[in-house]
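Novice:
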Amino acid sequence: MPMMGRSNYWQMQPLAQDLTVDAVKHMMEHRLSWNGNPNLKVGKVTEKDDDTIGVEIVTKEDSLVQKIEVNRHTGLMQLVQ
141 MPMMGRSNYW QMQPLAQDLT VDAVKHMMEH RLSWNGNPNL KVGKVTEKDD
191 DTIGVEIVTK EDSLVQKIEV NRHTGLMQLV Q
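Last residue of the sequence shown? That's 221 in our numbering, and every number before it is there in order.
1) Using C-beta distances below 7 Å, list every residue in its chain close to residue 158, excluding the 5 sequence neighbours before and after it, in chain order.
2) Would you please state the rounded distance, in angstroms, between the beta carbons of residue 216 and residue 206? I believe it to be under 8 Å.
3) Where residue 201 and residue 156 are concerned, what is the direct C-alpha to C-alpha distance, given to the nearest angstrom?
4) Just verifying my parser: in three-state terms, what is the DSSP assignment at residue 177?
5) Out of 179, 176, 169 and 209, point me to the one whose CA is closest to residue 190's CA.
6) Using the three-state DSSP reduction, which class does residue 172 fall into: helix, strand or coil?
7) Relative to the C-alpha of residue 198, which candidate in 182, 162, 187 and 186 has its C-alpha closest?
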(Lines of atoms letter the chains of each structure in order from A and count residues from 1; the text may use other names and numbers.)
(Lines give C-alpha, C1' and ligand atoms only; values in the text may rest on other atoms or scores of the structure.)
Protein backbone atom coordinates (compact mmCIF):
# COMPACT_ATOMS: atom_id res chain seq x y z
CA MET A 1 0.00 0.00 0.00
CA PRO A 2 1.53 3.37 -0.95
CA MET A 3 2.10 5.79 1.89
CA MET A 4 0.83 9.33 1.75
CA GLY A 5 3.66 11.84 1.54
CA ARG A 6 4.06 14.43 4.26
CA SER A 7 3.38 17.22 1.78
CA ASN A 8 -0.21 15.97 1.42
CA TYR A 9 -0.83 15.66 5.17
CA TRP A 10 -2.29 19.15 5.71
CA GLN A 11 -3.88 19.57 2.30
CA MET A 12 -7.58 20.37 2.69
CA GLN A 13 -9.97 18.56 0.38
CA PRO A 14 -12.88 20.52 -1.13
CA LEU A 15 -16.24 20.08 0.56
CA ALA A 16 -19.11 18.43 -1.32
CA GLN A 17 -20.85 21.81 -1.28
CA ASP A 18 -19.48 25.31 -0.63
CA LEU A 19 -20.28 26.78 2.78
CA THR A 20 -22.81 29.59 2.99
CA VAL A 21 -22.78 32.54 5.38
CA ASP A 22 -25.65 30.92 7.32
CA ALA A 23 -23.81 27.58 7.54
CA VAL A 24 -20.64 29.24 8.84
CA LYS A 25 -22.62 31.24 11.41
CA HIS A 26 -24.35 28.05 12.58
CA MET A 27 -21.02 26.20 12.78
CA MET A 28 -19.35 28.98 14.77
CA GLU A 29 -22.29 29.26 17.19
CA HIS A 30 -21.94 25.55 17.93
CA ARG A 31 -18.17 25.84 18.39
CA LEU A 32 -18.64 28.67 20.90
CA SER A 33 -21.36 26.75 22.71
CA TRP A 34 -19.13 23.69 22.91
CA ASN A 35 -16.27 25.78 24.35
CA GLY A 36 -18.59 26.83 27.17
CA ASN A 37 -17.70 30.52 27.48
CA PRO A 38 -21.05 32.29 28.05
CA ASN A 39 -19.42 35.70 27.53
CA LEU A 40 -18.69 35.15 23.83
CA LYS A 41 -20.98 35.12 20.83
CA VAL A 42 -20.82 35.26 17.04
CA GLY A 43 -20.92 38.80 15.71
CA LYS A 44 -20.93 39.78 12.05
CA VAL A 45 -20.63 36.99 9.49
CA THR A 46 -20.03 38.32 6.00
CA GLU A 47 -19.05 37.12 2.55
CA LYS A 48 -15.69 38.77 1.86
CA ASP A 49 -15.21 37.36 -1.64
CA ASP A 50 -15.98 34.24 -3.69
CA ASP A 51 -13.65 32.14 -1.52
CA THR A 52 -13.84 33.64 1.97
CA ILE A 53 -16.40 34.22 4.72
CA GLY A 54 -15.39 36.55 7.55
CA VAL A 55 -16.52 35.92 11.13
CA GLU A 56 -16.27 38.19 14.16
CA ILE A 57 -16.27 36.72 17.66
CA VAL A 58 -17.49 39.32 20.15
CA THR A 59 -18.34 39.65 23.83
CA LYS A 60 -21.92 39.91 25.10
CA GLU A 61 -21.37 43.69 25.00
CA ASP A 62 -20.33 43.46 21.31
CA SER A 63 -16.63 44.20 21.86
CA LEU A 64 -14.48 42.53 19.21
CA VAL A 65 -12.46 39.55 20.49
CA GLN A 66 -11.27 37.84 17.31
CA LYS A 67 -11.69 37.87 13.54
CA ILE A 68 -11.63 34.59 11.63
CA GLU A 69 -11.65 33.88 7.91
CA VAL A 70 -13.24 30.65 6.66
CA ASN A 71 -12.49 29.18 3.26
CA ARG A 72 -15.96 28.41 1.91
CA HIS A 73 -14.64 25.58 -0.31
CA THR A 74 -12.67 23.63 2.33
CA GLY A 75 -13.89 24.90 5.73
CA LEU A 76 -10.32 25.83 6.69
CA MET A 77 -10.33 28.56 9.35
CA GLN A 78 -7.56 31.00 10.07
CA LEU A 79 -7.24 33.84 12.55
CA VAL A 80 -6.95 37.35 11.16
CA GLN A 81 -4.17 39.40 12.72
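Glycine residues also receive a C-beta, built at the ideal position from the N, C-alpha and C atoms.
Remember, it's a predicted structure, so these values are computed and weren't measured experimentally.
Specialist: Working from what's here:
1) Locating residue 158 in the sequence shown gives position 18, counting from the first residue. Only 212 and 213 meet the Cβ criterion.
2) Counting from one through the sequence shown, the residue named residue 216 turns up at place 76. Counting from one through the sequence shown, the residue named residue 206 turns up at place 66. Actually they are not in contact, since the Cβ atoms of residue 216 and residue 206 sit about 16 Å apart, beyond 8 Å.
3) Stepping through the sequence shown from its first residue, residue 201 is reached at position 61. Stepping through the sequence shown from its first residue, residue 156 is reached at position 16. Those two C-alpha atoms are separated by around 37 Å.
4) For the purposes of this step, residue 177 is taken as residue 37 along the sequence shown, with counting starting at 1. Three-state result, residue 177: coil.
5) On the sequence shown, position 50 is the one that residue 190 refers to. Selected option, being the one with the closest Cα: 209.
6) To locate residue 172, count along the sequence shown from 1; it is residue 32. DSSP places residue 172 in the helix class (H, G or I) of the three-state scheme.
7) The sequence position of residue 198 within the sequence shown is 58, counting from 1. In this structure, 182 is the residue among 182, 162, 187 and 186 with its C-alpha nearest to the C-alpha of residue 198.
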